[in-house]
Every structure is written in C-alpha cells, then in structure tokens.
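Visitor: Have a look at this one.
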Amino acid sequence: MPSEFNATSGAERPSPDLQTLAVHAGQHHDPETGAVAPPIHLATTFARRDDGSDRGYVYARENAPTRERLEEALAVMEGAAGAAAFASGLAATNAAFDLLPPGSRLLLPDDRYVGVGNQARTILPHRGIEVVELDMTDRAALDAALAEVSEAPPDADGNADARASAASRPRSMVWIETPSNPQLRITDVADVAARARAAGAIVACDATWCTPMITRPLNLGCDLVVHSTTKYVGGHSDVLGGVVAWREAGELADGIRERQILGGAVPSGFDAWLLLRGMRTMPLRLAAQCDGAMAIAEAMQAHPHVSRVLYPGLPTHPGHALAARQMDRFGAMLSIRVRGGEDAAARVARGTRWLAPATSLGGVESLIEHRAVVEGPTSRTPRDLLRISVGIESPRDLIDDLGSAIDRAHAG
Ligand SMILES: *Cc1c(COP(=O)(O)O)cnc(C)c1O
C-alpha cells in the first residue's frame, strides 16, 4: 500500500524509497552500545577532550546529538543539503521570514495556515517588511506582484538579467502553501518557483500538509521547505516541532542556521527523539490517512446536506489535474461545506463521536473543526466550512460518524 508513494509526481525521488529512508535516516546505531533505537541525549553541555578540543558538541542550543539525528533524517527525506530543527512550526517560519531584509516584501498566499498569516502581519512590519497577500493560484496576480519586487519583468526560464537587477534591491520572498489551508487550493510549485526565482525572490514552501512522502518542493525549484513537524512527522499529537530545510549550502542555509542558534527556539532532546520516532511510521500512517480521506471525500460528496467537498483527490476539484502531477497522494486533509450555514456547521463539529472537535492536524486521531470561528474575526473562510484531519481509524466508522452528525444537525 505505501509503495504508492514514490510514484510518478514531477518531483524526483531519492533512491532508496522514502519508506525505507523514513525508517533508517538518522538512525545509525549508537557507537558505544550498539543500541538500535537512538539514545535521548538531554545534556545541555559537553566536556572537552584533554587537548581542549570538542567532540562536535559544545552547548545544546548550538548542536545536540538527538537533534542532529533529526535534522539529518529530515534533510534526507526532503532531498535537502541540510535542515535546522526548531521548537515549533512557527519558530521555523519566523526564522525563514527573518531572512528578509528591511525594505523587502513577503508575497503570501491569502489562503494559508492562519498562524503563519498572523505571524507575518504582526511581526514583519516591525522589521520594515511589507506583506503582500494574494491568491497564489492566480498567475496574473503573482506576475503583477513579482513585477514590483523585480526591476525587469520576471521570466519563467530564470532570466539572468532579471536576477542581476534584483540583486541590487532587497531580496523578497514568495511563500507557497499547497494544498492551502483550509480551502485546499492547489498551487503549481514548479511554476511559481520558476517565476519567483526569475524575479530574484527567495522561494519557500510550507509543505506541512504534504510531508516529503507526497511532494518534495526542493526538487520542484524551491530554495527552502518548511514544516510544522507537530503534524504528520510527530503524528501522535504529543510534540511540537518545526524544520527549515534548504536545497543547497550557502547564504540562505547559513542564515537559517544562525537564526536557529541565535534565536534559540530549538527542540529539546526528548522532542527530537519523539519526532524521529514518529517519522519511522509516517509512511504507513499517511498512506492509511490518505486512503481514509479519499473514502470520506467520496462519501461526503454523495451526502444530501453537504454542498461542497474540497479535496484535490476528487476529479471535480479545480486543482485535481495539477495535484495529480505534483502530489504522489492527495493528502489526508479535506474541508466540507454543509447546507444550513454556520449553525449547522457548528452543530456538526460538536456532534461527532470519533472525530474530536479540536484544532491541529496530522495525528492518528481524526479531528474536525469549524475553522471560521477558530480563525477569528479577520477570517475569510466560509462560515459553513468544516475542516477535517483524517486519522487512522476505520474510514467506514468515520463516514458513519460524520454522516450521522450531519443528519442530526439538520434534524434538530
Ligand atoms: C500547524 C501549522 C503551522 C504552525 O506550526 P506549529 O507547530 O503549530 O507552530 C504552520 N503551517 C502549517 C501548514 C501548519 O499546519
């Protein structure tokens, strides 16, 4: 079943298969004991040798053995030159945004994880960075925004003149999140990355929802890939984490590492260990979760009180063809819009047995959320929308549960 991963999507894949790497990456046996599972190193400081040299570890904020294993594993999975682990997904996005110099711009999708939007809008203006929000799936809107950050018009083939002229002005950043949250819009990663790079911008992709099992943005032309490892990598709703991985060594990589060490938002040894442990089973979990999401999406499409199902695996989804090209599976997140508006949606979210009414995603347990309420007064999310994170329960039980909660919401 999980061999369906590593299929045909545009991105190259490493050899051996990711399913194998997920088990073995960062997993070398402990040199002292031969322990097959990684030790959890909690030490904050490391003794020097007699000659005063260190063993590669000095102080745990700078580098620590269990975190190093996690970073190695995440870099291998992403096909990255390296990775820096953070204490949460937002610590990771903050480090990426902080690469932007004053006077630059962040081009941000208008449908995206709400916390990333709040972080950008709250923090970046203080650093002299303008946040420009647009529909990243609208090519004309993106080209117009890119024309303003680059002197020469962007050229999808990576026009060197455009890059040279852009080098004299502060470098901007294009942020991709696909599928978007919570409306599941599909952005063409390779196309946006090519246009953005031609305009001299840094391209970063928040690939939390896909994980490397589904899409590998660095192979599609992005400079940086960011994850909230709190979600599918951890997979059990019991650890916060984030990562930034980079395509190549150089200025961006050094900048991220600097912000990790000097910003100090690093994961503990125990957190790093939980994330490594989670990653071993990520391919199996995610395969089951994607199967469940597809089954639920199909069942909900047939439900009389559901007006729309937003899931890129459905042929009726506007991004389906692109998703089929760029994703190995269609993911385990979906949104549904129910008839009866906000009140009916709120009743459904309170009325399920197996789907917990909670925020977050990616864990083994299914969650349902009335997203507009959670996102607050500035939310542009439709009021009748419910976002569902599909866990590893039996899809049949989840379909029965959701279907009857919707029926009850309409009966009473
Ligand atoms: C959860 C999430 C984040 C934020 O990560 P935290 O670990 O909660 O800080 C960022 N992006 C996406 C897409 C997410 O789902």
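Residues in the sequence shown are numbered from 433 upward in steps of one, following our numbering.
Think of the CB as a built atom: it goes at the ideal place given N, C-alpha and C, for glycine as much as any other residue.
1. With DSSP as the reference, label D638 as helix, strand or coil.
2. Apart from the five residues just before and just after E680, which ones in its own chain have a Cβ nearer than 6 angstroms to its Cβ?
3. Hey, is D623 close to ligand 1, as in C-beta under 6 angstroms from one of its heavy atoms?
4. Taking the alpha carbon of S739 as the point to measure from, which residue in C722, W678, I838 has its own alpha carbon closest?
5. Quick check: what's the CA-CA separation for L834 versus T784?
6. The alpha helix (DSSP H) spanning R617 covers which residue range?
7. Ignoring anything shorter than 3 residues, give me the beta strand (DSSP E) runs that lie fully in the region 629-714, in order along the chain.
8. Could you have a look at A584 and say whether DSSP puts it in helix, strand or coil?
9. Does A479 pass the burial test, meaning 16 or more other C-beta atoms within 10 Å, or should it be called exposed?
10. I'd like to know whether the C-beta atoms of P614 and S767 end up nearer to each other than 7 angstroms.
11. Just verifying my parser: in three-state terms, what is the DSSP assignment at I824?
12. Can you list, in chain order, the residues of its chain whose CB lies under 6 angstroms from that of V564, leaving out five sequence neighbours each side?
13. Could you compute how far the alpha carbon of M759 sits from the alpha carbon of L532?
14. Note the first and the last residue of the continuous beta strand (DSSP E) segment covering H473.
15. Keeping to the same chain, check which residues put their C-beta closer than 7 angstroms to that of V560; ignore five residues upstream and five downstream.
16. From the DSSP secondary-structure annotation, give me the bridge partner or partners of P789.
17. Out of W786, M509, A469, A697, which has the shortest C-alpha to C-alpha gap to S447?
18. Would DSSP call I608 helix, strand or coil?
19. Let me check understanding here. Comparing Cα to Cα, which of P649, D483, A516, Q451 lies closest to G696?
20. Start and end of the alpha helix (DSSP H) containing L500?
21. Over the uninterrupted alpha helix (DSSP H) stretch that includes E774, give me the two end residues.
22. Does ligand 1 have even one heavy atom less than 6 angstroms from the beta-carbon of S851?
23. Hey, is the region 738-754 in contact with the region 710-727, meaning 3+ C-beta pairs nearer than 8 angstroms?
24. Figure out for me which residue from V675, T525, A628 has the closest Cα to the Cα of G653.
25. Relative to the C-alpha of T791, which candidate in R803, R782, V780 has its C-alpha closest?
26. Rounded to the nearest angstrom, what separates S669 and T554 at their Cα positions?
27. For ligand 1, I want to know if T643 counts as a neighbour, meaning its beta carbon is within less than 6 angstroms of at least one of the ligand's heavy atoms.
Guide: Looking at the coordinates:
1. Here the question's residue 638 lines up with position 206 in the sequence shown. Three-state result, D638: strand.
2. Within the sequence shown, residue 680 is the residue found at index 248, counting from 1. Within the same chain, E680 has close Cβ partners A513.
3. In the sequence shown, residue 623 corresponds to position 191, counting from 1. For ligand 1, not one heavy atom lies less than 6 angstroms from the Cβ of D623.
4. Along the sequence shown, read from residue 1 onward, the residue named residue 739 stands at position 307. Cα-wise, what sits closest to S739 is I838.
5. Start at 1 with the first residue of the sequence shown, and residue 834 comes out as number 402. Start at 1 with the first residue of the sequence shown, and residue 784 comes out as number 352. C-alpha separation (whole angstroms): 6 angstroms.
6. Reading the sequence shown from its first residue, position 185 is the one you call residue 617. It is not in any alpha helix (DSSP H) - R617 carries neither H nor E in the DSSP assignment.
7. 634-638, 656-660, 674-678
8. On the sequence shown, position 152 is the one that residue 584 refers to. For A584, the predicted structure reports a pLDDT of 47, less than 50, and the residue's modelled location is therefore unreliable. The matter cannot be settled from this model.
9. Numbered from 1 along the sequence shown, position 47 holds the residue referred to as residue 479. Per the 10 Å Cβ criterion, exposed.
10. Numbered from 1 along the sequence shown, position 182 holds the residue referred to as residue 614. Numbered from 1 along the sequence shown, position 335 holds the residue referred to as residue 767. The answer is yes: Cβ separation under 7 angstroms.
11. As a first step, residue 824 must be located in the sequence shown, where it is residue number 392. In this structure, I824 counts as coil in the three-state DSSP scheme.
12. Counting from one through the sequence shown, the residue named residue 564 turns up at place 132. Around V564: R537, L539, A577.
13. Here residue 759 refers to the residue found at position 327 when the sequence shown is read from its first residue. Here residue 532 refers to the residue found at position 100 when the sequence shown is read from its first residue. Their Cα atoms are separated by approximately 29 angstroms.
14. Counting from one through the sequence shown, the residue named residue 473 turns up at place 41. Segment: none, H473 is in no beta strand (DSSP E) and carries neither H nor E.
15. Sequence index remark: in the sequence shown, residue 560 carries index 128 (1-based). Inspection of the sequence shows that residue 560 is occupied by Gly rather than by Val. So the list reads P534, G535, once near-sequence residues are dropped.
16. To locate residue 789, count along the sequence shown from 1; it is residue 357. I800, per the DSSP bridge assignment.
17. Within the sequence shown, numbered from 1, the residue matching residue 447 stands at position 15. For S447, the nearest C-alpha among the options comes from M509.
18. Stepping through the sequence shown from its first residue, residue 608 is reached at position 176. Strand at I608.
19. Residue mapping note: residue 696 aligns to position 264 of the sequence shown, counting from 1. Answer by Cα proximity: A516.
20. Along the sequence shown, read from residue 1 onward, the residue named residue 500 stands at position 68. One detail in the question is off: residue 500 reads as Glu in this sequence, not Leu. DSSP places E500 in the uninterrupted alpha helix (DSSP H) bounded by 497-510.
21. For the purposes of this step, residue 774 is taken as residue 342 along the sequence shown, with counting starting at 1. Its alpha helix (DSSP H) spans residues 773-782.
22. In the structure as shown, the chain begins at 433 and stops at 844. Residue 851 is therefore absent and cannot be evaluated.
23. The region 738-754, when compared against the region 710-727, does touch it at the 8 angstroms Cβ threshold.
24. If you number the sequence shown from 1, residue 653 lands on position 221. Comparing Cα-Cα distances from G653 to each of V675, T525, A628, the minimum goes to A628.
25. Along the sequence shown, one-based indexing puts residue 791 at 359. Checking every option, the nearest Cα to that of T791 belongs to R803.
26. The count along the sequence shown starts at 1 and reaches residue 669 at position 237. The count along the sequence shown starts at 1 and reaches residue 554 at position 122. Those two C-alpha atoms are separated by around 27 angstroms.
27. Taking the sequence shown and counting its residues from 1, the one referred to as residue 643 is at position 211. Checking the Cβ of T643 against ligand 1 gives no.
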